[in-house]
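Numbering (this note's numbering), first residue to last: 66 to 404.
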């Protein structure tokens, strides 16, 4: 039995390692394609610091920060969704569905409407994070009744998410044309015009909070058995749930702050990862991050190349895939009975 378990564990981590290597190939591919095709060897030589310098501006200034930001944003959204699905024990959990993304969008939109042009745009991510945190606290408080029940959290989250969309629409109606166009781009989600400042701003959130998530791997596995069993085994369920929710908000809020409301990544990526390595949370965290990065990078590559010279928001394509997937999960969940 130990041999079988060991083989299963080795298979999981081999899968994670394989996807890490594939992410390097994706990086080269994403840097190669664009309005002008660059050979993969040219890209590799540039990354190794041995390029001719002919394409330094295209690669170093235009494409590389965009690809890296897309990957970081996708990783953050994916792990945020994984955390929510784990603590809620519901496959429909994701930051955009329970209102975290909506709160961040409202925060950003209010900033653009009332402070745009008077306060530096560099404060926009802070406004988005405040919005995400405020909505998360609201959902948590409304869900509290001698603790937070998972199904109550997700149902209230869906209601609050709808309310955030209504607030967003109302603010847009009363905004000027310039603010409205910025708001729609923000709500859809895009890494257009990404720069190194944004990459460096996003990197600490991913580098700190994703590894921090791994510290909760054992307790998350126990909580999947149910709150009563977890409590009986000594797990402080409500405290752990609050801390994990905080990490999820930090990851989702930072992603929305730097790339807008790219939807459904937090829903899709954990499901794909779970199909590949099973329910092991320790393996799911890095694999979900990589898969989420894959999704956003590929969506952005399609967005900026499929309809040249137009450069569409990546969120258009993630929504096009994610909305049918959400309906499928909803139908499957309704047939098996909500719990």
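Note that the Cβ used here is the ideal one computed from N, Cα and C, for glycine as well.
Using 10 angstroms around the beta-carbon of residue 235, count the other beta-carbons present and answer buried if the total reaches 16, otherwise exposed. As a first step, residue 235 is located in the chain shown; it is residue number 170 there, counting from the start. Classification of residue 235: exposed, given that the 10 Å Cβ count is below 16.
Can residue 360 and residue 138 be called in contact, C-beta distance under 8 angstroms? Here the question's residue 360 lines up with position 295 in the chain shown. Here the question's residue 138 lines up with position 73 in the chain shown. Using a Cβ distance threshold of 8 angstroms, residue 360 and residue 138 do not count as a contacting pair.
What is the rounded straight-line gap between the Cα of residue 204 and the Cα of residue 156? As a working note, residue 204 is residue 139 in the chain shown. As a working note, residue 156 is residue 91 in the chain shown. One C-alpha to the other measures close to 18 angstroms.
Give the C-beta separation of residue 383 and residue 330 to the nearest angstrom, bearing in mind that I take them to be a contact with Cβ-Cβ under 8 angstroms. In the chain shown, residue 383 corresponds to position 318, counting from 1. In the chain shown, residue 330 corresponds to position 265, counting from 1. Yes, residue 383 and residue 330 are in contact; Cβ-Cβ is about 6 angstroms, under 8 angstroms.
Would you call the CB atoms of residue 170 and residue 321 closer than 8 angstroms? Within the chain shown, residue 170 is the residue found at index 105, counting from 1. Within the chain shown, residue 321 is the residue found at index 256, counting from 1. Yes, Cβ-Cβ distance for residue 170 and residue 321 is below 8 angstroms.
State the Cα-Cα distance for the pair residue 269 and residue 315, rounded to the nearest angstrom. Numbered from its first residue, the chain shown carries residue 269 at position 204. Numbered from its first residue, the chain shown carries residue 315 at position 250. Looking at the two C-alpha atoms, the distance is approximately 11 angstroms.
Taking the alpha helix (DSSP H) that residue 309 belongs to, which residues open and close that run? Here residue 309 is taken as the residue at index 244 of the chain shown, counted from 1. Segment 302-324, the alpha helix (DSSP H) holding residue 309.
Cβ atoms of residue 173 and residue 192: under 8 angstroms apart, would you say? Taking the first residue of the chain shown as position 1, residue 192 is located at position 127. Taking the first residue of the chain shown as position 1, residue 173 is located at position 108. Their beta carbons are under 8 angstroms apart, which means residue 192 touches residue 173 by this criterion.
According to the neighbour-count rule (16 or more other Cβ atoms, all chains shown, within 10 Å of its Cβ), is residue 344 buried or exposed? By one-based count along the chain shown, residue 344 stands at place 279. Classification for residue 344: exposed.
Going by DSSP in three states, residue 102 sits in which element: helix, strand or coil? Position 37 of the chain shown, counted from the first residue, corresponds to residue 102. Correct three-state label for residue 102: coil.
Please state if the CB of residue 141 and the CB of residue 255 are separated by a distance shorter than 8 angstroms. The residue you call residue 255 lines up with position 190 of the chain shown. The residue you call residue 141 lines up with position 76 of the chain shown. The answer is no: Cβ separation not under 8 angstroms.
What residue does the alpha helix (DSSP H) around residue 261 start on, and which one ends it? Sequence index remark: in the chain shown, residue 261 carries index 196 (1-based). Here the alpha helix (DSSP H) through residue 261 covers 261-279.
Residue range of the alpha helix (DSSP H) that includes residue 161: The count along the chain shown starts at 1 and reaches residue 161 at position 96. Premise fails: residue 161 is in no alpha helix (DSSP H) and is neither H nor E.
Excluding the five sequence neighbours on either side, which residues of its own chain have a C-beta within less than 7 angstroms of the C-beta of residue 403, listed in chain order? Here residue 403 corresponds to residue number 338 of the chain shown, with the count starting at 1. Because residue 403 sits at a pLDDT of 48, beneath the cut-off of 50, its placement in the model cannot be relied upon, and the following sentence gives the value as read from the coordinates. These residues qualify, in order along the chain: 216.
Can you check whether the CB of residue 309 is closer than 8 angstroms to the CB of residue 152? Against the chain shown, residue 152 aligns to sequence position 87. Against the chain shown, residue 309 aligns to sequence position 244. In contact: residue 152 and residue 309 (Cβ atoms closer than 8 angstroms).
Spell out whether any CB of chain C is found under 8 angstroms from the CB atom of residue 383. Absent from the structure: chain C. Only one protein chain is present.
My output table needs one value for residue 256: the three-state DSSP class, helix, strand or coil. Translated into the one-based positions of the chain shown, residue 256 becomes position 191. Of the three classes helix, strand and coil, the one that applies to residue 256 here is coil, per DSSP.
Identify, in the order they occur along the chain, each residue of the same chain with its Cβ nearer than 6 angstroms to the Cβ of residue 370, setting aside the five sequence neighbours on each side. Stepping through the chain shown from its first residue, residue 370 is reached at position 305. The residues are 98.
Assuming residue 133 is part of the alpha helix (DSSP H), what are its boundary residues? Residue mapping note: residue 133 aligns to position 68 of the chain shown, counting from 1. Residue 133 -> alpha helix (DSSP H) spans 129-153.
According to the Cβ coordinates, are residue 165 and residue 202 closer than 8 angstroms? Translated into positions along the chain shown, residue 165 becomes position 100. Translated into positions along the chain shown, residue 202 becomes position 137. It is not a contact, given that the beta carbons lie outside the stated cut-off.
Where does residue 388 land, buried or exposed, given buried means 16+ other C-beta within 10 angstroms? Residue numbering aside, residue 388 sits at position 323 when the chain shown is read from its first letter. Exposed is the call here.
Cut-off 7 angstroms between Cβ atoms - residues of its own chain near residue 158, not counting five sequence neighbours on either side: Translated into the one-based positions of the chain shown, residue 158 becomes position 93. The residues are 146, 149, 150, 219.
Among 259, 317, 233, the one whose alpha carbon lies nearest that of residue 354: Counting from 1 along the chain shown, the entry for residue 354 is found at position 289. Residue 317 holds the alpha-carbon nearest to the alpha-carbon of residue 354 among 259, 317, 233.
Which same chain residues end up closer than 6 angstroms to residue 194 when comparing Cβ atoms and leaving out the 5 residues on each side of it in sequence? Counted from its first residue, the chain shown places residue 194 at position 129. So the list reads 318, 322, once near-sequence residues are dropped.
Given a threshold of 16 other Cβ atoms within 10 Å of its Cβ, counted over all protein chains shown, does residue 66 qualify as buried or as exposed? Residue numbering aside, residue 66 sits at position 1 when the chain shown is read from its first letter. Only weak support exists for where residue 66 lies, its pLDDT of 46 falling under 50; the coordinates are left without a value.
For residue 337, the first and last residue of its enclosing alpha helix (DSSP H): The count along the chain shown starts at 1 and reaches residue 337 at position 272. Here the alpha helix (DSSP H) through residue 337 covers 330-342.
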